[in-house]
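**Q**
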Amino acid sequence: MPLVERLVGGHLAEKRGDRVCYLDADLGAVTYTGLYEAIRGYAGALRARGVQPGTRGVVVADDSVATVVAVLGLWWHGCTPVPVSHMLTEPEISFIVRDCAARFLHLDAPAAKQLALGARFAALPRLTGDEVRQAFQTGGPAAVGGGRRASEPASFPADAEVLVQYTSGSTGTPKGVRHGLTGIRAALDGFGSVLALTPEDVVLSTAKLSFGYGFGNSLLLPLAAGAGVILLRGGVDVYVLAAALRRHRPSVFFSVPRVYAALLDWTETGCGCDLESVRLCVSAGEHLPQELGERFHTTFGVPLLNGLGATEVVHIVVATRPERTTPGSLGLPVPGVTVTVRDAEGREVPDGAEGRLHVAGPSVMLGYLDRPESTARTLAECGAYTGDIAARAADGSIRYLCRADDLLNLGGFKVSPREIETAARRAHGVADCAVVGSVDANGLEQAIAYAVPSAGVSAEDLRRAITQALREHLAPFKRPARVEVLDALPVTSTGKVARFTLRAAAGRR
Numbered sequence: 074m075p076l077v078e079r080l081v082g083g084h085l086a087e088k089r090g091d092r093v094c095y096l097d098a099d100l101g102a103v104t105y106t107g108l109y110e111a112i113r114g115y116a117g118a119l120r121a122r123g124v125q126p127g128t129r130g131v132v133v134a135d136d137s138v139a140t141v142v143a144v145l146g147l148w149w150h151g152c153t154p155v156p157v158s159h160m161l162t163e164p165e166i167s168f169i170v171r172d173c174a175a176r177f178l179h180l181d182a183p184a185a186k187q188l189a190l191g192a193r194f195a196a197l198p199r200l201t202g203d204e205v206r207q208a209f210q211t212g213g214p215a216a217v218g219g220g221r222r223a224s225e226p227a228s229f230p231a232d233a234e235v236l237v238q239y240t241s242g243s244t245g246t247p248k249g250v251r252h253g254l255t256g257i258r259a260a261l262d263g264f265g266s267v268l269a270l271t272p273e274d275v276v277l278s279t280a281k282l283s284f285g286y287g288f289g290n291s292l293l294l295p296l297a298a299g300a301g302v303i304l305l306r307g308g309v310d311v312y313v314l315a316a317a318l319r320r321h322r323p324s325v326f327f328s329v330p331r332v333y334a335a336l337l338d339w340t341e342t343g344c345g346c347d348l349e350s351v352r353l354c355v356s357a358g359e360h361l362p363q364e365l366g367e368r369f370h371t372t373f374g375v376p377l378l379n380g381l382g383a384t385e386v387v388h389i390v391v392a393t394r395p396e397r398t399t400p401g402s403l404g405l406p407v408p409g410v411t412v413t414v415r416d417a418e419g420r421e422v423p424d425g426a427e428g429r430l431h432v433a434g435p436s437v438m439l440g441y442l443d444r445p446e447s448t449a450r451t452l453a454e455c456g457a458y459t460g461d462i463a464a465r466a467a468d469g470s471i472r473y474l475c476r477a478d479d480l481l482n483l484g485g486f487k488v489s490p491r492e493i494e495t496a497a498r499r500a501h502g503v504a505d506c507a508v509v510g511s512v513d514a515n516g517l518e519q520a521i522a523y524a525v526p527s528a529g530v531s532a533e534d535l536r537r538a539i540t541q542a543l544r545e546h547l548a549p550f551k552r553p554a555r556v557e558v559l560d561a562l563p564v565t566s567t568g569k570v571a572r573f574t575l576r577a578a579a580g581r582r
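Residue numbers are given in this note's numbering: position 259 of the sequence shown equals residue 332, and the series is strictly consecutive.
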């Protein structure tokens, strides 16, 4: 079955076309029938503009129905969408367009950036988000692309490339991750079965469509289930989020630990946050500290499902279950996925031992785009290394320890930055914290802690509190060489802590 049919067309066949699939800031409620007609029109416009099936199209956009139409329209036409955040700089977007050899552009970015990209890639055929929105608002969904409706949607071979997602670049130059049709289907059947979304569910995700986690949250998983999705354009702070939760009353909420912490802080200051409609929250994208997970569940009484995924495996591949969200655990592999913990030579280690997390199954990527050496390092032992250090319990559940490239060697001792961060967060007045490695004057590795104070806490008081907490909870060899206080931690375009920026700052001192 073509992807578009599984995600959208099948619901029309089941007489559910009048159900709302998206609530869009500009277009309001969009039904499955309306979405299907818009996708068909978009595919017709691709054909009219001479875009060849089998090529790649970069979709520069924010979260909107126009973005969804572009992605699914490319699939209908037999092309590979490459979603890219509109928040990236013009040089970053230009790099991706060239790196993936794009033959089409969908532009829905701030005016100056959109104009510059249009001029730089004037030779490429393109459509804009405004064109899609205007068609909805004037001629109806079928008018997208000028009303040139395509015929039947394309069918991809099982091993065909159907999606390219770029890594956030948290360790250097972004790499294009190539996904096959089998991988997309595996994600729907794997984590999709854990979520068990229904047509009655309404989903809200703070992770954006241009991020692998958000792409699954707001497009793949809810559309496959026939659910509804709330799309939030632009930046999503706690004020915007609290208003959206109160107004739209989602039943399933996807976000990252940083946002869950902000909601807790917001609530604890007396502002309140309405989660009464939410039956399940999902956390992924970065490590969820055990204390944060416990605080959230105690405060709101909503199950907080903890998951781990990677761009290289489409979406979440290890997760706690809604009926059993064990604090501090990542839970079990999702159906169809085999997860093992391996040593540096690729051998499985005994339960309880630390090692590199290895994922095998159909959701594993086809490889990195034009980077055979990186592909060979990641794809090994008939699966993929996620770049995480973890341990497996006797019941098969996984405990996350740290990123492999974050592991510190302090005086011959291997130390997880997360362990230091956990101890630092015990101090009063810590709003956020991250620990990275640096080198001292002798070239020896050391740990540097970066902390953000809560409102009303001075930098000096924060340093004293953290120093005391570290003395109480960590052995001397695990303590950071110094504590730096920042107004905010730097983040990547996908909202993760930009540890490479902190490493660079630590190295300049």
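Note that CB positions come from ideal geometry on N, CA and C, so glycine has one too.
Is R454 helix, strand or coil by DSSP?
**A** The residue you call residue 454 lines up with position 381 of the sequence shown. The sequence shown places Glu at residue 454, rather than the Arg named in the question. In the structure shown, E454 sits in coil (DSSP, three-state: anything other than H, G, I, E or B).
**Q** Checking the sheet assignment: what are the DSSP bridge partners for Y441?
**A** As a working note, residue 441 is residue 368 in the sequence shown. Partner(s): V250.
**Q** Please report the straight-line C-alpha distance between I539 and V509, rounded to a whole angstrom.
**A** Counted from its first residue, the sequence shown places residue 539 at position 466. Counted from its first residue, the sequence shown places residue 509 at position 436. Their backbone Cα atoms lie some 16 Å apart in a straight line.
**Q** Below 8 Å CB to CB, which residues in the same chain sit around L442 once its five sequence neighbours on both sides are set aside?
**A** Indexing the sequence shown from 1 puts residue 442 at position 369. Taking L442 as the centre and dropping the five residues before and after it, the same chain places the C-beta of D172, C173, V237, K248, G249, V250 and R251 closer than 8 Å to its C-beta, in chain order.
**Q** Taking Cβ to Cβ, would you say A464 is nearer than 8 Å to V414?
**A** Position 391 of the sequence shown, counted from the start, is the residue given in the question as residue 464. Position 341 of the sequence shown, counted from the start, is the residue given in the question as residue 414. Going by C-beta atoms, A464 is nearer than 8 Å to V414.
**Q** Can you grab the Cα-Cα spacing for the pair L535 / A548, in whole Å?
**A** Residue numbering aside, residue 535 sits at position 462 when the sequence shown is read from its first letter. Residue numbering aside, residue 548 sits at position 475 when the sequence shown is read from its first letter. About 20 Å.
**Q** Give the DSSP bridge partners of Q363, in chain order.
**A** Mapped onto the sequence shown, residue 363 falls at position 290. Looking at the DSSP assignment, Q363 forms no beta bridge with any residue, so it has no partner.
**Q** Can V329 and T398 be called in contact, C-beta distance under 8 Å?
**A** Along the sequence shown, one-based indexing puts residue 329 at 256. Along the sequence shown, one-based indexing puts residue 398 at 325. It is not a contact, given that the beta carbons lie outside the stated cut-off.
**Q** Looking at the unbroken beta strand (DSSP E) that takes in L429, where does it start and where does it end?
**A** By one-based count along the sequence shown, residue 429 stands at place 356. Rather than Leu, the amino acid found at residue 429 in this sequence is Arg. Segment E427 to A433, the beta strand (DSSP E) holding R429.
**Q** Quick test of your reading: V155 and A175, contact by CB under 8 Å. State the CB separation rounded to the nearest angstrom.
**A** Along the sequence shown, read from residue 1 onward, the residue named residue 155 stands at position 82. Along the sequence shown, read from residue 1 onward, the residue named residue 175 stands at position 102. The Cβ separation is near 6 Å, so the contact holds.
**Q** Measure the C-alpha to C-alpha separation of V422 and G428 and round it to an integer number of angstroms.
**A** Taking the first residue of the sequence shown as 1, we reach residue 422 at position 349. Taking the first residue of the sequence shown as 1, we reach residue 428 at position 355. Looking at the two C-alpha atoms, the distance is approximately 7 Å.
**Q** Where does P295 sit, in a helix, a strand or coil, going by DSSP?
**A** If you number the sequence shown from 1, residue 295 lands on position 222. Residue state, collapsed to three classes: helix.
**Q** Per DSSP, which one or two residues make a beta bridge with I471?
**A** Position 398 of the sequence shown, counted from the start, is the residue given in the question as residue 471. Beta-bridge pairing links I471 to G404 and R465.
**Q** Which full runs of the beta strand (DSSP E) of 3+ residues lie inside the region 153–198, going along the chain?
**A** Here the runs fully enclosed are 153–158 and 177–180.
**Q** With a threshold of 7 Å on Cβ separation, who are the neighbours of R89 within its own chain once the five nearest residues in sequence on each side are excluded?
**A** Translated into positions along the sequence shown, residue 89 becomes position 16. For R89, where only same-chain residues beyond five positions count, the Cβ hits under 7 Å are Y105, P272 and G299.
**Q** Specify the secondary structure class of E446 as computed by DSSP and reduced to three states.
**A** Reading the sequence shown from its first residue, position 373 is the one you call residue 446. Three-state DSSP puts E446 in a helix.
**Q** If you drop the 5 nearest sequence neighbours on each side, which residues of the same chain put their C-beta closer than 6 Å to that of F373?
**A** The count along the sequence shown starts at 1 and reaches residue 373 at position 300. Only residues of its own chain outside the window of five on either side were considered, and among them L348 have a CB closer than 6 Å to the CB of F373, listed in chain order.
**Q** Could you tell me whether the Cβ atoms of G117 and C152 are closer together than 8 Å?
**A** Here residue 117 corresponds to residue number 44 of the sequence shown, with the count starting at 1. Here residue 152 corresponds to residue number 79 of the sequence shown, with the count starting at 1. No, they are not a contact pair.
**Q** What residue from A496, Q519 and A216 has the CA that sits closest to D479's CA?
**A** By 1-based counting over the sequence shown, the position of residue 479 is 406. Nearest C-alpha to D479: Q519.
**Q** Tell me, please, whether the region 377–394 touches the region 338–358 by the rule of three or more beta-carbon pairs shorter than 8 Å.
**A** yes
**Q** Rank E110, V235 and L261 by C-alpha distance to the C-alpha of A208 and give the top, closest one.
**A** Translated into positions along the sequence shown, residue 208 becomes position 135. Nearest C-alpha to A208: E110.
**Q** Whole angstroms are fine: how far does the CA of E418 sit from the CA of K487?
**A** Counting from 1 along the sequence shown, the entry for residue 487 is found at position 414. Counting from 1 along the sequence shown, the entry for residue 418 is found at position 345. If you take the alpha carbons of K487 and E418, they lie about 18 Å apart.
**Q** I need the straight-line Cα distance from T459 to G256, nearest angstrom please.
**A** Numbered from 1 along the sequence shown, position 386 holds the residue referred to as residue 459. Numbered from 1 along the sequence shown, position 183 holds the residue referred to as residue 256. Rounded to whole angstroms, T459 to G256 spans 16 Å at the Cα level.
**Q** Roughly how many angstroms separate the alpha carbons of G212 and H431, rounded to a whole number?
**A** Indexing the sequence shown from 1 puts residue 212 at position 139. Indexing the sequence shown from 1 puts residue 431 at position 358. For the pair G212 and H431, the Cα-to-Cα distance works out to about 50 Å.
**Q** Within the region 309–339, note down every full beta strand (DSSP E) run reaching 3 residues or more, in order along the chain.
**A** 325–328
**Q** What is the DSSP secondary structure of L381, counted as helix, strand or coil?
**A** Working through the sequence shown from its first residue, we reach residue 381 at position 308. Three-state DSSP puts L381 in a strand.
**Q** Do A259 and G434 come within 8 Å of each other at the CB atom, strictly closer than that value?
**A** As a position in the sequence shown, residue 434 is number 361, starting the count at 1. As a position in the sequence shown, residue 259 is number 186, starting the count at 1. Contact flag set, yes.
**Q** Once you ignore the five residues that flank V309 on each side, which residues in its own chain have a CB closer than 6 Å to its CB?
**A** Residue numbering aside, residue 309 sits at position 236 when the sequence shown is read from its first letter. The answer, listed in chain order, is T279.
**Q** In the DSSP assignment, the alpha helix (DSSP H) including V410 goes from what residue to what residue?
**A** Taking the first residue of the sequence shown as position 1, residue 410 is located at position 337. Looking at the DSSP string, V410 is not in any alpha helix (DSSP H), and its letter there is neither H nor E.
**Q** Going along the chain, which residues of its own chain have a beta-carbon closer than 7 Å to the beta-carbon of A453, five neighbours each way excluded?
**A** As a first step, residue 453 must be located in the sequence shown, where it is residue number 380. The residues are G419.
**Q** In the DSSP assignment, find the unbroken beta strand (DSSP E) run with A524 in it and report its ends.
**A** Here residue 524 refers to the residue found at position 451 when the sequence shown is read from its first residue. Segment E518 to P526, the beta strand (DSSP E) holding A524.
**Q** Assign K487 to one of three DSSP states: helix, strand, or coil.
**A** In the sequence shown, counting from the first residue as 1, residue 487 sits at position 414. Three-state DSSP puts K487 in a strand.
**Q** Are there 16 or more other CB atoms within 10 angstroms of the CB of P295, so buried, or fewer, so exposed?
**A** Reading the sequence shown from its first residue, position 222 is the one you call residue 295. With 16 or more other Cβ atoms within 10 Å, it is buried.
**Q** Straight-line CA distance for P400 to Q363?
**A** The residue you call residue 400 lines up with position 327 of the sequence shown. The residue you call residue 363 lines up with position 290 of the sequence shown. Cα to Cα, P400 sits roughly 5 Å from Q363.
**Q** According to the Cβ coordinates, are P75 and P226 closer than 8 Å?
**A** Position 2 of the sequence shown, counted from the first residue, corresponds to residue 75. Position 153 of the sequence shown, counted from the first residue, corresponds to residue 226. Yes, these two residues count as a Cβ contact at 8 Å.
**Q** Going straight from the alpha carbon of V570 to that of L562, what length do you get?
**A** Sequence index remark: in the sequence shown, residue 570 carries index 497 (1-based). Sequence index remark: in the sequence shown, residue 562 carries index 489 (1-based). Whole-angstrom Cα-Cα distance: 7 Å.
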